[in-house]
Amino acid sequence: MASELRVNTLKDAAGNNSIATSFVANGSAKAWCKFGPDAQPDDSFNIASGTDVAVGQYRFAKTNAMSTTNYAITASSGKAINAFTTGDNSNAIESTANHTQSKYDAAAASPGFVDYNADGYGMHTIHGDLA
Amino acid sequence: MASILKVDTITGVTTAGSISVTGEGNSTTTNLQQGLAKAWWSLNGTGTIAGRDSFNVSSFDDVSTGLYDANYTNAMANGNYAFQGTTGIASNTAYVFAYNSSAAPSTADVRFGCETSNNATLQDQSYVFGTISGDLA
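Chains E and H supply the protein sequences, listed in that same order. Residues 10 to 140 (our numbering) are what the first sequence spells out, left to right. Residues -17 to 119 (our numbering) are what the second sequence spells out, left to right.
What follows is the structure in structure tokens.
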């Protein structure tokens, strides 16, 4: 039978290593994804879809929305080839009208917008408050 | 009343690897396991490299200049996890990449490189931070 447990603090059985449950909720990532040049997630959590908006620009929709637009996105890239110019894929989060509680824009720049190399990829993790 | 739960392991009832946590808005739930970082580290990548602190990392490999492997203690389920990396240096800007030209992210380890932005070459860095989100095996 499913159950609901209400506690404020978790400890190990010896009574050590306590952590407040507020840290569990606040410290857990609310979404993450790894995606390829077509913006389609290879794997993800709480990401409903990815869209290739334009060259080097991508939009992601969340399954469950955040409570505000003030969430944090950390981003990184996968370098696919041993070349350091076009397609190096430094990863940026764009400040656009599409940065909402339920979606956000990201970009690959080198330094201008550029698509990821064929076997390159981007990776995002989101922390913040769920709605 | 405040309460303390003393346990060593938390396991889901319906699915062992899936526990719901109510979010900050008091209504939407999020998955506890999915939201937890599965590994993180602070690495001194200069000289004889050394991890300052880490979680779920058994060792680091100094592959070549500016290029490192982090080897997991507990394996990931596949190579499709998300890696975030940051580095900090005094004189210019550098990026950290998951670097799969010679080794794709795997269940056992991830290869990452530090590249300077001004001349786009790999370079050892003193502070290299990484976080892994994804599925454990």
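Built from N, CA and C at the ideal position, the CB exists for glycine as well.
Does residue i pass the burial test, meaning 16 or more other C-beta atoms within 10 Å, or should it be called exposed?
i: S24(H); result: exposed
i: L18(H); result: exposed
i: A38(E); result: buried
i: K86(E); result: It is worth fixing the name first, because residue 86(E) is Ser in this sequence and not Lys. Under this definition S86(E) is a buried residue.
i: V39(H); result: buried
i: V78(H); result: buried
i: D52(E); result: buried
i: T(-4)(H); result: exposed
i: L104(H); result: buried
i: N37(H); result: Going by the sequence as given, residue 37(H) is Phe instead of Asn. Per the 10 Å Cβ criterion, exposed.
i: T69(H); result: buried
i: E13(E); result: exposed
i: D21(E); result: exposed
i: N26(E); result: exposed
i: A92(E); result: In this prediction, A92(E) has a pLDDT of 45, which is less than 50 and means its spatial position is unreliable; what the coordinates show is noted afterwards. Exposed is the call here.
i: N55(E); result: buried
i: I114(H); result: buried
i: A81(E); result: exposed
i: N8(H); result: exposed
i: I(-14)(H); result: exposed
i: N126(E); result: buried
i: F42(H); result: buried
i: G29(H); result: exposed
i: G(-1)(H); result: exposed
i: D106(H); result: buried
i: A63(E); result: exposed
If we call anything under 9 angstroms between Cβ atoms a contact, is residue i one with residue j?
i: T134(E); j: Q66(H); result: yes
i: A59(H); j: G116(H); result: yes
i: A149(E); j: S76(E); result: Within the shown structure, residues of chain E are numbered from 10 to 140, placing residue 149(E) beyond reach of any answer.
i: A118(E); j: G59(E); result: no
i: A52(H); j: A21(H); result: yes
i: G112(H); j: L49(H); result: no
i: S108(H); j: N26(H); result: yes
i: A64(H); j: T18(E); result: no
i: A101(E); j: A116(E); result: yes
i: N13(H); j: I31(H); result: no
i: V5(E); j: V3(H); result: In the structure as shown, chain E starts at 10 and stops at 140, and residue 5(E) therefore has no counterpart that could be examined.
So which residues on chain H does residue i lean against when the C-beta distance must stay under 7 angstroms?
i: H133(E); result: A64
i: T51(E); result: Residue identity differs from the one stated: residue 51(E) is Asp in this sequence, not Thr. N62, listed in chain order.
i: S76(E); result: E6 and G7
Name the chain H residues whose beta carbon is nearer than 8 angstroms to that of residue i?
i: V16(E); result: S(-15), I(-14) and L(-13)
i: D138(E); result: G5, E6 and G7
i: K20(E); result: I(-14), L(-13), K(-12) and V(-11)
i: F54(E); result: N13, Q16, G17 and S115
i: G24(E); result: K(-12)
Show which residues of chain E have a CB atom less than 9 angstroms away from the CB atom of residue i.
i: V3(H); result: T30, V33, A34 and S37
i: F37(H); result: Under the 9 angstroms cutoff, chain E gives no residues; its nearest Cβ is about 13 angstroms from F37(H).
i: L118(H); result: In chain order: nothing, as chain E lies at least about 13 angstroms away.
Output, in chain order, the set of chain H residues within a Cβ distance shorter than 9 angstroms of residue i.
i: K71(E); result: Under the 9 angstroms cutoff, chain H gives no residues; its nearest Cβ is about 11 angstroms from K71(E).
i: K112(E); result: In chain order: nothing, as chain H lies at least about 16 angstroms away.
Which chain E residues sit within Cβ distance under 8 angstroms of residue i?
i: A19(H); result: A38
Which bits of chain E does residue i rub up against, with CB to CB less than 7 angstroms?
i: V78(H); result: S85
i: G67(H); result: S85
i: T10(H); result: N73, L139 and A140
Looking at residue i and the ligand FAD, is the gap between the Cβ and the nearest heavy atom below 8 angstroms?
i: V33(E); result: Absence of the ligand FAD is noted for the structure shown, with no ligands found whatsoever.
Do the region 111 to 125 of chain E and the region 61 to 72 of chain E touch if we need at least three Cβ pairs shorter than 8 angstroms?
-> yes
When the Cβ atoms of the region 34 to 49 of chain E are set against those of the region 121 to 136 of chain E, are three or more pairs found closer than 8 angstroms?
-> yes
Cβ pair count under 8 angstroms reaching 3, the region 83 to 94 of chain H against the region -16 to 3 of chain H = no
Please go through the region 17 to 52 of chain H and give each complete beta strand (DSSP E) segment of 3 or more residues, from N-terminal end onward.
-> Counting only runs of at least 3 residues, the region 17 to 52 of chain H fully encloses the following beta strand (DSSP E) elements, listed from N- to C-terminal order: 21 to 26, 32 to 37 and 39 to 46.
Going along the chain, which unbroken runs of the beta strand (DSSP E) with 3 or more residues stay wholly within the region 86 to 110 of chain H?
-> Qualifying beta strand (DSSP E) stretches, in chain order: 91 to 98.
What runs of the beta strand (DSSP E), each 3 residues or longer, lie entirely inside the region 27 to 76 of chain E?
-> 40 to 44, 50 to 54, 56 to 63 and 66 to 71
If you scan the region -13 to 22 of chain H from start to end, which runs of the alpha helix (DSSP H) of 4 or more residues do you find wholly inside it?
-> 14 to 17
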